[in-house]
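A.B. asks: Protein chains in written order, with our numbering: chain A, 8 to 164; chain B, 8 to 164. Even for Gly, the Cβ is constructed at its ideal location relative to N, Cα and C. Structure below; questions to follow.
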DNA sequence: TTTGTTTGTATGCATCACTAACAATCGACT
DNA sequence: AGTCGATTGTTAGTGATGCATACAAACAAA
């Protein structure tokens, strides 16, 4: 993990600090990308023993919250493609965390459920998420966190 | 693009609004993921005629700012893997936007430069970025934007 | 019943991150 | 000078993801 403080130099001899990103520093989207990347990386570290991605945990969580949910429903809530949703669901099913069943009210739809293994995995995952969130929120006050979430919501909703 | 307002219902009959994400709504990381996704999607829309990704534009931009930059240097600034950096650089080189040259000061390093085509692409890209940033920042006041960037920086630095 | 829509599915293409291994080069120390 | 550890670029492979396209089954509306 000694990826933070490197030497660089040569092409940017006068920069004392680390990474001079020049004009890119003024781009909000770039900061968002870096922040997301940092969080994603910490997430996968925290979840390395569980072998679960953000997306997979989110899907498990949503299925737990909304038993019998259909894939399209999942997709809209997570802003995913139908095809992408398929891929995620397939993987989780292959690992025995969820099962598909025909919907009773609409023959086209699948109704997704957690298996016991899935429920167990989600419980562990939520613990890991708590740690991860702790790490993330540690740099903000409660008020700042609320403001950050509110701003992010303005972007994605 | 009629992906926003769908029906849903059935499994969540009492929800008036759209996407009820339940407990996930309290997870800062989840909002960050959604926000990043939304921005990324708008970015690719804005750049569809240019066929450039966020990452590719960022790399072009950094090479323009720091001529002779080495790949590792690029990698640290963009928080990328060396291998990932290779892939990005390869693609940009294949499209004739950048060229590799041996560094004069360090035989291990490459020194990257923009070609004329690369410079031209970057100019157009910066215009598109301006539009994209406009879209993103339109929901914030200048003060809010500054605060958002500051908070994001606390996460990624 | 016919027609258009929704849902799930399969396929293919492109991007991206991370790991592991390897060769060339550099730097530092002996 | 020579050896050794670290750095840099490179290649290859795995996994996850996003998007487009196409198709079939089921549904809904005309």
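1) Under the rule that 16 or more other beta-carbon atoms within 10 Å means buried, what is residue 145(B), buried or exposed?
2) Under a CB-based cut-off of 7 Å, is residue 93(B) close to chain A?
3) Taking Cβ positions only, does residue 142(B) come closer than 7 Å to chain A?
4) Check whether the Cβ atoms of residue 41(B) and residue 68(A) lie closer than 7 Å to each other.
5) Out of 71(A), 86(A), 50(A), which one is the CA nearest neighbour of residue 137(A)?
6) Taking all protein chains shown into account, decide if residue 109(B) is buried (16 or more other Cβ within 10 angstroms of its Cβ) or exposed.
7) Which word fits residue 18(A), buried or exposed, when buried means at least 16 other C-beta atoms lie within 10 angstroms of its C-beta?
8) Which residues in chain B sit within 7 Å of residue 46(A), going by Cβ to Cβ distance?
9) With 16 other CB atoms within 10 Å as the buried threshold, where does residue 83(B) fall?
10) Less than 8 Å between C-beta atoms, sequence neighbours within five positions excluded: which residues of the same chain meet that for residue 81(B)?
11) For the alpha helix (DSSP H) that residue 107(A) lies in, which residues bound it at each end?
12) If we ignore side chains and look at the alpha-carbon of each, how far apart do residue 154(A) and residue 90(B) end up?
13) Report the option in 27(A), 76(A), 36(A), 54(A) whose CA atom is closest to the CA atom of residue 107(A).
14) Comparing the C-beta of residue 72(B) with each C-beta of chain A, is any distance below 7 Å?
15) So, with DSSP's three-state summary, where would you put residue 162(B)?
16) Using a Cβ-Cβ cutoff of less than 6 Å, which residues in the same chain neighbour residue 152(B) once the five nearest sequence positions on both sides are dropped?
17) Starting from the Cα of residue 99(B), find the closest Cα among 113(B), 129(B), 115(B), 72(B) and give me that residue.
18) How many Å lie between residue 122(A) and residue 117(B) at the Cα?
19) Hey, how far is the Cα of residue 36(B) from the Cα of residue 55(A)?
20) Using a beta-carbon distance cut-off of less than 8 Å, what residues from the segment 134-158 of chain A approach chain B?
21) Starting from residue 119(B), trace the beta strand (DSSP E) in both directions and tell me its first and last residue.
22) Please tell me whether residue 29(A) has its Cβ less than 7 Å away from any Cβ of chain B.
23) Using CA coordinates, which residue listed in 140(A), 157(A), 162(A), 161(A) is at the minimum distance from residue 45(A)?
24) Note down, in chain order, each residue of its chain lying with its Cβ closer than 7 Å to the Cβ of residue 47(B), except the 5 sequence neighbours on either side.
25) Residue 107(A) touches chain B at which residues, Cβ-Cβ below 7 Å?
26) Confirm, please, whether the CB-CB distance from residue 43(B) to residue 43(A) is below 7 Å.
C.D. replies: Looking at the atomic coordinates:
1) exposed
2) no
3) no
4) no
5) 50(A)
6) exposed
7) Any reading at residue 18(A) needs caution, since the residue's pLDDT is 30, under 50, leaving its predicted position unreliable; the model's value is listed next. Counting Cβ neighbours within 10 Å, residue 18(A) comes out buried, since at least 16 surround it.
8) 36, 39, 162
9) buried
10) 66, 69, 70, 87, 92, 96, 119
11) No alpha helix (DSSP H) contains residue 107(A), which is instead part of the beta strand (DSSP E) from 105-109.
12) 36 Å
13) 76(A)
14) yes
15) helix
16) 144
17) 129(B)
18) 52 Å
19) 17 Å
20) 136, 139, 140, 143, 144, 146, 147, 151, 152, 154, 155, 156, 158
21) 117-121
22) yes
23) 140(A)
24) 61
25) The premise fails here: residue 107(A) is roughly 14 Å from chain B at the closest Cβ pair, so nothing lies under 7 Å.
26) yes
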